[in-house]
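Written out below as structure tokens is the structure these notes cover.
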Amino acid sequence: MNATIEVRNLRTHFFTRAGVLKAVDDVSFSVARGQVLGLVGESGSGKSVTGFSIIGLVDPPGRVVGGSILYQGRDLAKLSEREMRSLRGDRIAMIFQDPMMTLNPVLRVDTQMIEAIQAHAKVSRAEARTRSRDALGMVGIPSPEERLESYPHQFSGGMRQRVAIAIALLHNPDLLIADEPTTALDVTIQAQILAEVQKLAADYGTALIWITHDLSVIAGLADRIAVMYAGRIVEFGEAASVLDSPVHPYTNGLIGSVPSRNKRGERLRQIPGMTPSLLTLPPGCAFRTRCARADATCEQEPPEGTVSPDHVARCFHPMIAVPA
Amino acid sequence: MLTWLVRRLIQALFVVLAMTVIVFIGVHIIGNPVDILISPEADQAERARIIANLGLDQPLWRQYLVFLNGALHGDLGRSFVFNEPALKLIAGRMPATMELAVTAVLMSVVIGVPLGLYAGLKPNGLLGRTIMAGSILGFSLPTFWVGLMLIMVFAVQLGWLPSTGRGQTAALFGVQWSFLTWDGLRHMAMPALNLSLFNISLVLRLTRAGVRETLPMDFIKFARAKGLSPARVIFVHVLKNIMIPVVTVVGLELGSTIAFAVVTESVFAWPGMGKLIIDSINVLDRPVIVAYLMMIVLLFITINLLVDILYTMLDPRVRLETKG
């Protein structure tokens, strides 16, 4: 498989006063051209940090301490800041969770779009402006010519996210990292944005990493799903396979927590407890403190078990039998 | 915008009126100028003649009405001492104070903003910490002491700069200015620095706080994710956001700098309004004191108005119509 991005044994740690926080600890996956990877997990599972590690925007005290991030065979972790900057926004783009915060409130939309174009392409202001206008039209913003003159606060949340998406897609990136871009939006807008991004990614063969905590969002979108827990991928596989026959108890719990999956009148199922603090992770399986199936063996590091050719999980007590 | 402006001007009118009452009463409480102005050898008839001449035989409310009537006709009274219109006296001294205050405020921006930016970007570096420690000195050292020290070091010990007066002046628009000649600039250097020291510290701390607050914002990360150069991110995205509080404070400080240039002008024998007001208070020259205070009130009102207008240019979210 010709991967656009291949992450191997990525480790991103935060060196805080209280200790070393292993936000991303030995994470590996790859995404091919035109493919969609869903990166799922609770808050604090390290999914966003994984995204920031790829685009090289992990802020101190955080640092990528190990592993490699291969973009079309080049290791991004070894690039200089300057080389990384020329990829950022051009070949690798990112959209953020809260559209209210991603655009600079004191700069006009055209300023923010034109600078994004001119950062990577030697074009005149007028030419950049035309391209900006077309990009706004493409993501479904009515009368883009006038909207260019507006400030972000004159847009609704959904419209702002469209602007952010338009900016991210200005240079038809090879990889788009979407960090929960629909979480802050209305359900109807969510669906529109999802469809929009899916279509654009498919049109340009953009590899897409969709970070979310919401399995229902990812169900219809992702080709493959990686479930993260406490900095590690606990289950990885074909979307249908992971969603229909989850192997890891955590994945199972996540799927059970989706309201529509529960029968009316039944108590909503939930995963007991909270994500453990990354500073005081128990040895072995990090999920064992919240897991009904955990026993003494879980104090060991669970190995990666293969369920089917394209479905792996790290668990001693999988929900279905894993062939040895 | 126009309704807002009219409303503001009416508000300003009331402020001025209230101010005249307070000033008028206050000035009459601090002492009777008759004792100072009239020579002890003057006989009773001479005394009565002078008092009547100065209008001091009238009751206070009457004096106030006479003053108001005069003020409406652009006449703020005649100086008891110089027997000249108070306004003319102040206007004659104004250029000296203005050029000193404006230079001091300009210095506070030109020096304070870059230092604050640096301290904000490198909060843990040695230089960053040194800048912050230095700003505490700028805040807390008394102006007159710093002024004396400057004179001691640069005028007495090193002999680099002159310590008193405005030096050679040149005419512009019929007014004499020091900043137009090299000698004048040399004379202005120390007083201006002395006057700006507090403002430099203020602007510096404000800028640093703004940078620290703005840097972790999503829109800064998004700007970086677009692949913009660090210079563009800092000087456009960060700086434009922090200019709003800086402009407010600089605007207000311009007023106080003019009003409180008194100390610096006394130390450096700078022939400005501050020195005039001190002399006038010493001899209880009421019309000059009142006229000076009126000027300062008008100055503050004008500056506040300008700051509000400047606001709308910097922050598109501020709409003047909706403000009271």
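Order-wise, the sequence lines are chains A and B.
In this text, residue positions in the first sequence follow this note's numbering: the first is 12, and each later residue adds one.
In this text, residue positions in the second sequence follow this note's numbering: the first is 340, and each later residue adds one.
We put the beta carbon where it would ideally sit given N, CA and C, even for glycine.
Computed from a predicted structure; not experimentally measured.
TODO: Return helix, strand or coil for His-261 of chain A, following the three-state DSSP convention.
DONE: One detail in the question is off: residue 261 of chain A reads as Tyr in this sequence, not His. DSSP places Tyr-261 of chain A in helix when its eight states are reduced to three.
TODO: Use the C-beta contact count for Lys-133 of chain A: other C-beta atoms within 10 angstroms, 16 or more gives buried, fewer gives exposed.
DONE: exposed
- [ ] Could you check the C-alpha separation between Thr-661 of chain B and Lys-565 of chain B for me, to the nearest Å?
- [x] Unreliable positioning characterises Thr-661 of chain B in this predicted model, as indicated by a pLDDT of 45, which lies under 50. The coordinate reading is nonetheless provided below. Going from the Cα of Thr-661 of chain B to the Cα of Lys-565 of chain B covers about 35 Å.
TODO: Determine which residues of the region 25-54 of chain A have a Cβ less than 8 Å from any Cβ of chain B, and write them out in chain order.
DONE: none
Open item on the list: Our contact map puts Leu-50 of chain A next to Lys-58 of chain A with C-beta atoms below 8 Å; I'd like the distance itself, whole angstroms only.
Closed with: 5 Å
TODO: Take the Cβ of Lys-461 of chain B as the centre, count every other Cβ of all protein chains shown within 10 Å, and call the residue buried at 16 or more, exposed below.
DONE: exposed
- [ ] Tell me, please, which residues DSSP counts as bridged to Ala-105 of chain A.
- [x] Checking the sequence shown, residue 105 of chain A turns out to be Met, not Ala. A:Ile-188, per the DSSP bridge assignment.
- [ ] Tell me, to the nearest whole angstrom, how far the beta carbon of Val-238 of chain A is from that of Glu-249 of chain A; I am working on the premise that it is less than 8 Å.
- [x] 13 Å between Cβ atoms; not a contact.
- [ ] On a CA-only basis, which of B:Ala-351, B:Tyr-403, B:Asp-374 is nearest Tyr-389 of chain B? Give me that one, please.
- [x] First, the residue type needs correcting, since residue 389 of chain B is Ile and not Tyr in the sequence shown. The shortest Cα separation from Ile-389 of chain B among B:Ala-351, B:Tyr-403, B:Asp-374 belongs to B:Asp-374.
Task: Nearest residue (CA-CA) to His-259 of chain A, options A:Arg-102, A:Phe-298, A:Gln-281, A:Asp-145 - done: A:Phe-298
TODO: Indicate the three-state DSSP secondary structure (helix, strand or coil) for Thr-23 of chain A in the structure shown.
DONE: strand
TODO: Please confirm if the region 216-224 of chain A is in contact with the region 24-34 of chain A, defined as three or more CB-CB distances below 8 Å between the two stretches.
DONE: no
Open item on the list: On the criterion of 16 or more Cβ atoms from any shown chain inside 10 Å, does Ala-303 of chain A qualify as buried, or is it exposed?
Closed with: exposed
Open item on the list: Please identify the residue among A:Met-149, A:Asp-197, A:Ala-195 whose C-alpha is closest to the C-alpha of Val-174 of chain A.
Closed with: A:Met-149
TODO: Please look up how many angstroms separate the CB atoms of Gly-370 of chain B and Leu-653 of chain B, rounded, as I've assumed it's under 8 Å.
DONE: That belief does not hold up - the Cβ atoms of Gly-370 of chain B and Leu-653 of chain B are roughly 46 Å apart, past 8 Å.
Task: Test item: CB-CB of Gly-520 of chain B and Thr-503 of chain B under 8 Å - done: Before going on, a small fix: residue 520 of chain B reads as Thr here, not Gly. No. Outside cutoff.
- [ ] Return the first residue and the last residue of the alpha helix (DSSP H) that Gln-515 of chain B is part of.
- [x] Careful: Gln-515 of chain B lies outside any alpha helix (DSSP H), inside the beta strand (DSSP E) at 514-516.
Open item on the list: Buried or exposed for His-412 of chain B, going by 16 or more other Cβ atoms inside 10 Å?
Closed with: exposed
Open item on the list: Is there a C-beta anywhere in chain B that falls below 8 Å from the one on Leu-68 of chain A?
Closed with: yes
Open item on the list: Residues of chain B with CB closer than 9 Å to the CB of Val-75 of chain A, please, in chain order.
Closed with: Within chain B, no residue comes near Val-75 of chain A; the closest Cβ sits about 16 Å away, beyond 9 Å.
TODO: Starting from Asp-109 of chain A, find everything on chain B with Cβ-Cβ shorter than 8 Å and list it in chain order.
DONE: Asp-557
Task: Any C-beta of chain B under 8 Å from that of Tyr-162 of chain A - done: yes
- [ ] Kindly give me the distance between the Cβ atoms of Asn-533 of chain B and Thr-603 of chain B, rounded to whole angstroms, as I take these residues to be in contact under 8 Å.
- [x] 5 Å
Open item on the list: Just to confirm before moving on: does the CB-CB distance between Val-550 of chain B and Leu-466 of chain B stay below 8 Å?
Closed with: no
Open item on the list: Suppose you measure from the CA of Ser-54 of chain A to the CA of Gly-169 of chain A; what does that come to, to the nearest Å?
Closed with: 22 Å
TODO: For Pro-372 of chain B, count neighbouring Cβ atoms within 10 angstroms of its own Cβ and tell me buried if that reaches 16, exposed if not.
DONE: buried
Open item on the list: Among A:Val-117, A:Arg-74, A:Gly-45, whose alpha-carbon lies nearest the alpha-carbon of Ile-559 of chain B?
Closed with: A:Val-117
Open item on the list: Please return the same chain residues whose Cβ sits closer than 8 Å to the Cβ of Ala-233 of chain A, not counting the five positions on each side in sequence.
Closed with: Val-47, Leu-48, Gly-49, Trp-221, Ala-250
Open item on the list: Check whether chain A comes within 8 Å of Lys-662 of chain B, counting only Cβ atoms and requiring the distance to be less than that.
Closed with: Residue confidence is low: Lys-662 of chain B scores 41 on pLDDT, short of 50, so the model does not pin down where it sits. Its coordinate-derived value is still stated next. Answer no: the Cβ-Cβ gap between Lys-662 of chain B and chain A never drops below 8 Å.
Open item on the list: Using CA atoms only, rank isn't needed, just tell me which of A:Glu-17, A:Asp-109, A:Leu-186, A:Glu-207 is closest to Pro-192 of chain A.
Closed with: A:Asp-109
Task: Short Cβ contact (8 Å threshold) for Pro-72 of chain A with Thr-27 of chain A - done: yes
Task: Helix, strand or coil at Thr-661 of chain B according to DSSP, with G and I counted as helix - done: The predicted position of Thr-661 of chain B is uncertain, since its pLDDT is 45 and thus under 50; no value can be drawn from it.
TODO: Spell out whether any CB of chain A is found under 8 Å from the CB atom of Gly-549 of chain B.
DONE: no
Open item on the list: Within a Cβ cutoff of 8 Å, which residues of the same chain sit near Ile-244 of chain A, ignoring the five residues on either side of it in sequence?
Closed with: Val-38, Ser-39, Phe-40, Ala-237, Val-238, Arg-325
Task: Cross-chain neighbours of Gly-100 of chain A in chain B, by beta carbon under 8 Å - done: Ala-564, Lys-565, Gly-566, Leu-567
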